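Following my numbering, the numbering of the sequence shown begins with 12 at its first residue and continues without gaps. Glycine is no exception: its CB is placed at the ideal position from the N, C-alpha and C atoms. The model shown is predicted, which means the values in this text are computed figures rather than measured ones. Have a look at the structure below, then the notes.
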Amino acid sequence: MKQINLYEEAILRKEALIEDLKTLLSIESVKDLESATENRPMGENIGEALEYILDLSSKANFITKNIDGYAGLAEYGAGEDYIGILCHLDVVPATGDWTFPPFEPAIRDGKLFGRGAIDDKGPAIAAFYGLKIIKELGLPLKHRIRIIFGTDEESGMRGIKKYIEREPLPIAAFSPDAVFPIINAEKGQINVKLSQMKACEDCSSCNHDFRLVSFTSGDRANMVPDKAHGTIKGNDISPILEGFKDYCIRRNLGYSIDTCNDEATLTIKGKSAHSMEPQKGVNAGLLMIHFLKGFSFHPQDHIYISFINRFLYNDFYGRSLGIDYSDDITGPLTVNAGILRYEGNNGGFIQLNIRFPVTTHYLRTIEKIISTAEAYGFEISEIREKKPHYVDSNHSIVKALQKSYFEETGEEPSLLSTGGNTYAGLMDCCVAFGPVFPGKEATAHQNDEYIEIEDLIRATAIYARAIYELANTDIEKSS
Numbered sequence: 012m013k014q015i016n017l018y019e020e021a022i023l024r025k026e027a028l029i030e031d032l033k034t035l036l037s038i039e040s041v042k043d044l045e046s047a048t049e050n051r052p053m054g055e056n057i058g059e060a061l062e063y064i065l066d067l068s069s070k071a072n073f074i075t076k077n078i079d080g081y082a083g084l085a086e087y088g089a090g091e092d093y094i095g096i097l098c099h100l101d102v103v104p105a106t107g108d109w110t111f112p113p114f115e116p117a118i119r120d121g122k123l124f125g126r127g128a129i130d131d132k133g134p135a136i137a138a139f140y141g142l143k144i145i146k147e148l149g150l151p152l153k154h155r156i157r158i159i160f161g162t163d164e165e166s167g168m169r170g171i172k173k174y175i176e177r178e179p180l181p182i183a184a185f186s187p188d189a190v191f192p193i194i195n196a197e198k199g200q201i202n203v204k205l206s207q208m209k210a211c212e213d214c215s216s217c218n219h220d221f222r223l224v225s226f227t228s229g230d231r232a233n234m235v236p237d238k239a240h241g242t243i244k245g246n247d248i249s250p251i252l253e254g255f256k257d258y259c260i261r262r263n264l265g266y267s268i269d270t271c272n273d274e275a276t277l278t279i280k281g282k283s284a285h286s287m288e289p290q291k292g293v294n295a296g297l298l299m300i301h302f303l304k305g306f307s308f309h310p311q312d313h314i315y316i317s318f319i320n321r322f323l324y325n326d327f328y329g330r331s332l333g334i335d336y337s338d339d340i341t342g343p344l345t346v347n348a349g350i351l352r353y354e355g356n357n358g359g360f361i362q363l364n365i366r367f368p369v370t371t372h373y374l375r376t377i378e379k380i381i382s383t384a385e386a387y388g389f390e391i392s393e394i395r396e397k398k399p400h401y402v403d404s405n406h407s408i409v410k411a412l413q414k415s416y417f418e419e420t421g422e423e424p425s426l427l428s429t430g431g432n433t434y435a436g437l438m439d440c441c442v443a444f445g446p447v448f449p450g451k452e453a454t455a456h457q458n459d460e461y462i463e464i465e466d467l468i469r470a471t472a473i474y475a476r477a478i479y480e481l482a483n484t485d486i487e488k489s490s
């Protein structure tokens with residue numbers, strides 16, 4: 012196998028690979044339940060993308076299967092067990108300003124632009140061509156290889172979960188939906204909603220200067236909110252207005268103020284970031300609440316403001332909540348206050364997205380949050396957990412992928428961890444493997460998403476070698 016130059020084999024197929032990818036990128040495969048049908052449960056366009064890739068696979072003489080529109084597979088080889096490659100065909104919406112129309116793929120300066128180019132249609136086509144190379148070279152395989160195409164990775168993973176219900180699981184797998192070299196550890200997640208219990212029914216009986224009429228920040232718990240809006244009411248709101256201007260100017264924050272009689276609506280602008288790295292963002296909601304703490308508010312408003320300031324402001328790692336756990340595998344626990352809402356006498360809620368290390372005990376973390384929340388008049392109204400994921404560094408799949416990466420790149424195949432989530436977390440012996448190379452920009456979910464064509468070809472060669480190595484490796488069974 013060493014004497015075969017897989018990079019050159021990928022180069023030979025470059026034009027066809029790019030054309031197939033451009034066709035796939037031109038399909039606006041955003042989840043759309045309004046257009047869903049029995050055969051296309053995630054919407055018309057995702058169904059079209061799935062049918063396109065399965066047709067392409069059939070023409071390559073792979074065995075194919077459409078699992079009721081939720082997922083599909085393309086398989087090659089023989090053997091009792093199979094190795095899985097987990098890709099997804101759905102993409103996030105393409106909002107904002109793009110240099111090129113997001114679903115009219117274009118090439119400029121060696122980059123192929125289009126929504127899904129790096130996440131995850133480009134890697135899916137690279138894996139497809141990697142398998143095609145192995146088949147066309149007639150290389151021997153001990154295990155079957157199965158590329159699995161999911162349809163709902165970006166918003167619930169229903170597609171791959173349906174696959175898991177219907178099909179036997181692979182003995183090992185990788186997902187080309189992250190970065191190179193190898194991610195073998197993913198943090199767990201706790202999504203928890205803390206709802207405020209009423210503190211005082213009669214505002215008139217309480218001594219205070221202001222009321223927090225309403226407050227809103229964030230739409231998704233897994234993103235750092237970049238805007239916050241708060242409406243304040245009081246007999247004299249001038250101290251609020253003057254203080255807010257000064258607060259924002261001193262911190263170089265964008266802001267606006269709208270006044271009407273005895274009310275003012277304040278808007279503050281921060282910086283968005285993924286919740287797995289909240290320290291890289293500027294949480295507009297927490298900043299607004301931090302500003303408000305210096306004023307006299309109705310007791311119920313005060314409790315909401317005080318809780319957020321005491322336990323969430325300027326604390327990305329859960330120290331104030333007593334959950335600042337960390338380990339050497341995945342690093343520190345992180346906390347993101349992704350959604351904040353408040354409505355006068357009705358109280359408010361806080362939605363947290365917590366990413367915890369692989370060695371952290373889930374129940375102990377929840378117990379501490381509950382204890383703290385109840386002491387401040389909050390209750391847990393919703394909670395969802397995703398378990399952490401870890402594949403031992405000595406596992407045969409890790410060793411095989413390290414070998415493949417090194418032989419194709421000559422670079423050290425280090426092991427990484429992430430606070431994000433991929434399909435890998437749904438299967439025991441599965442890791443994330445590419446496609447973003449070290450030092451390269453990751454443009455997933457961004458405007459002008461792209462993949463460098465040279466990186467696409469390199470990834471194809473790496474996936475071809477990984478397919479061969481894994482298909483001829485004795486994989487130990489998961490315990």
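query: Since Ile-334 contacts Tyr-387 with CB under 8 Å, what's their CB separation in whole angstroms?
result: Counted from its first residue, the sequence shown places residue 334 at position 323. Counted from its first residue, the sequence shown places residue 387 at position 376. In fact, because the Cβ distance is near 16 Å, the residues do not count as touching under 8 Å.
Are the Cβ atoms of Ile-243 and Leu-223 separated by less than 8 Å?
Residue 243 sits at position 232 when you count from the first residue of the sequence shown. Residue 223 sits at position 212 when you count from the first residue of the sequence shown. Yes, the pair counts as a contact, with Cβ atoms nearer than the cut-off.
(request) With DSSP as the reference, please indicate the residues paired to Leu-277 in a beta bridge. (result) Walking along the sequence shown from the start, residue 277 turns up at place 266. Leu-277 is bridged to Gly-241, Ile-268.
ask   = What are the boundary residues of the beta strand (DSSP E) that includes Thr-420?
value = Residue mapping note: residue 420 aligns to position 409 of the sequence shown, counting from 1. Segment 407–420 is the alpha helix (DSSP H) holding Thr-420; no beta strand (DSSP E) there.
Restricting to Cα atoms, I'd like to know which of Ile-158, Ile-145, Asp-43 is closest to Val-102. The count along the sequence shown starts at 1 and reaches residue 102 at position 91. Ranked by how close their Cα comes to the Cα of Val-102, the residues Ile-158, Ile-145, Asp-43 have Asp-43 in first place.
- Query: Among Ser-37, Phe-124, Thr-433, Ile-268, which one has its Cα closest to the Cα of His-240?
  - Reply: Start at 1 with the first residue of the sequence shown, and residue 240 comes out as number 229. Closest by alpha carbon: Ile-268.
*What beta strand (DSSP E) runs, 3 residues minimum, are completely inside the region 434–460?*
For the region 434–460, whole beta strand (DSSP E) runs of length 3 or above, ordered along the chain, are 441–443.
query: When burial is assigned at 16 or more other CB atoms within 10 Å of the CB, is Ile-74 buried or exposed?
result: Residue numbering aside, residue 74 sits at position 63 when the sequence shown is read from its first letter. Exposed is the call here.
- Tyr-474 in three-state terms, based on DSSP: On the sequence shown, residue 474 is found 463 positions in, with the first residue counted as 1. The DSSP-derived three-state label of Tyr-474 is helix.
On the DSSP bridge assignment, give the partners of Ser-337 in chain order. Along the sequence shown, one-based indexing puts residue 337 at 326. Answer is Pro-343.
- Task: Give me the Cβ distance between Ala-443 and Asp-188, rounded to the nearest whole Å; I'm assuming they're in contact under 8 Å.
- Result: Position 432 of the sequence shown, counted from the first residue, corresponds to residue 443. Position 177 of the sequence shown, counted from the first residue, corresponds to residue 188. Beta-carbon to beta-carbon, Ala-443 and Asp-188 are separated by about 6 Å, close enough to satisfy the 8 Å threshold.
request  = Using the Cα positions of Lys-172 and Ile-159, report the straight-line distance between them to the nearest angstrom.
outcome  = For this step, residue 172 is matched to residue 161 along the sequence shown. For this step, residue 159 is matched to residue 148 along the sequence shown. Approximately 12 Å, taken between the alpha carbons.
Query - Run of the beta strand (DSSP E) containing Asn-50, from where it starts to where it stops - result: One-based indexing of the sequence shown puts residue 50 at position 39. For Asn-50, there is no enclosing beta strand (DSSP E), as DSSP marks it with neither H nor E.
Open item on the list: According to DSSP, is Ile-158 part of a helix, a strand, or is it coil?
Closed with: Numbered from its first residue, the sequence shown carries residue 158 at position 147. Reduced to three states, the DSSP call for Ile-158 is strand.
*Under three-state DSSP, which class holds Phe-124?*
Numbered from its first residue, the sequence shown carries residue 124 at position 113. In this structure, DSSP gives Phe-124 an extended state, which the three-state scheme calls strand.
| query | Roughly how many angstroms separate the alpha carbons of Arg-330 and Ala-475, rounded to a whole number? | reply | In the sequence shown, the residue the question calls residue 330 occupies position 319. In the sequence shown, the residue the question calls residue 475 occupies position 464. Roughly 45 Å between the two C-alpha positions.
Item to check | Residues of its chain near Leu-17, where Cβ-Cβ distance is below 6 Å and the 5 sequence neighbours each way are ignored | outcome: Position 6 of the sequence shown, counted from the start, is the residue given in the question as residue 17. If the five residues before and after Leu-17 are omitted, its C-beta is found closer than 6 Å to the C-beta atoms of Ala-472, Ala-475, Arg-476, all from its own chain and listed in chain order.
**Test item: CB-CB of Tyr-336 and Lys-122 under 8 Å** = For the purposes of this step, residue 336 is identified with residue 325 of the sequence shown, where counting begins at 1. For the purposes of this step, residue 122 is identified with residue 111 of the sequence shown, where counting begins at 1. Contact flag unset, no.
Item to complete: Check whether the region 350–366 touches the region 219–234, taking contact to mean three or more Cβ pairs, one atom from each stretch, closer than 8 Å.
Response: The answer is yes - the region 219–234 touches the region 350–366, with three or more Cβ pairs under 8 Å.
Worksheet item: For Glu-390, which option in Val-203, Leu-84, Gly-292, Leu-61 has the closest C-alpha, if you only look at C-alpha atoms?
Response: The residue you call residue 390 lines up with position 379 of the sequence shown. With distances taken between Cα atoms, Glu-390 lies closest to Val-203.
message = Under DSSP, the alpha helix (DSSP H) around Gln-311 begins and ends at which residues?
response = As a working mapping, residue 311 is identified with position 300 in the sequence shown. Gln-311 -> alpha helix (DSSP H) spans 310–322.
| Rounded to whole angstroms, how far is the Cβ of Ser-392 from the Cβ of Phe-360, which I believe are closer than 8 Å? | Taking the first residue of the sequence shown as 1, we reach residue 392 at position 381. Taking the first residue of the sequence shown as 1, we reach residue 360 at position 349. With a Cβ gap of about 7 Å, Ser-392 and Phe-360 count as contacting.
Could you please give me the residues that DSSP links to Glu-354 through a beta bridge?
Here residue 354 refers to the residue found at position 343 when the sequence shown is read from its first residue. Answer is Ser-225.
How would you call Leu-344, buried or exposed, if buried means at least 16 neighbouring beta carbons within 10 angstroms? Sequence index remark: in the sequence shown, residue 344 carries index 333 (1-based). By the neighbour-count definition (other C-beta atoms within 10 Å, threshold 16), Leu-344 is a buried residue.
Just to confirm, are Gly-445 and Val-190 a CB contact at a threshold of 8 Å? As a position in the sequence shown, residue 445 is number 434, starting the count at 1. As a position in the sequence shown, residue 190 is number 179, starting the count at 1. In contact: Gly-445 and Val-190 (Cβ atoms closer than 8 Å).
Along the chain, where does the beta strand (DSSP E) that runs through Lys-397 open and close? In the sequence shown, the residue the question calls residue 397 occupies position 386. Residue range 389–397 is occupied by the beta strand (DSSP E) that includes Lys-397.
| task | Identify whether Leu-481 lies in helix, strand or coil by the three-state DSSP scheme. | result | Here the question's residue 481 lines up with position 470 in the sequence shown. Note: Leu-481 maps to helix in three-state DSSP.
(Q) Assess contact between the region 84–96 and the region 138–157, defined as three or more Cβ pairs (one per stretch) separated by less than 8 Å. Is contact present? (A) A contact is defined here as three or more CB-CB pairs under 8 Å, and the region 84–96 meets this definition with respect to the region 138–157.
Contact set for Thr-34: own chain, Cβ-Cβ below 8 Å, skip 5 residues either direction: Taking the sequence shown and counting its residues from 1, one reaches residue 34 at position 23. Counting only Cβ-Cβ distances below 8 Å, and skipping sequence neighbours, we find Tyr-63.
Use the C-beta contact count for Asn-246: other C-beta atoms within 10 angstroms, 16 or more gives buried, fewer gives exposed. On the sequence shown, position 235 is the one that residue 246 refers to. Residue environment analysis places Asn-246 among the exposed positions, since fewer than 16 neighbouring C-beta atoms fall within 10 angstroms of its C-beta.
Query - Euclidean distance between Cα positions of His-372 and Ser-407 - result: Taking the first residue of the sequence shown as 1, we reach residue 372 at position 361. Taking the first residue of the sequence shown as 1, we reach residue 407 at position 396. Between His-372 and Ser-407, the C-alpha separation is close to 27 Å.
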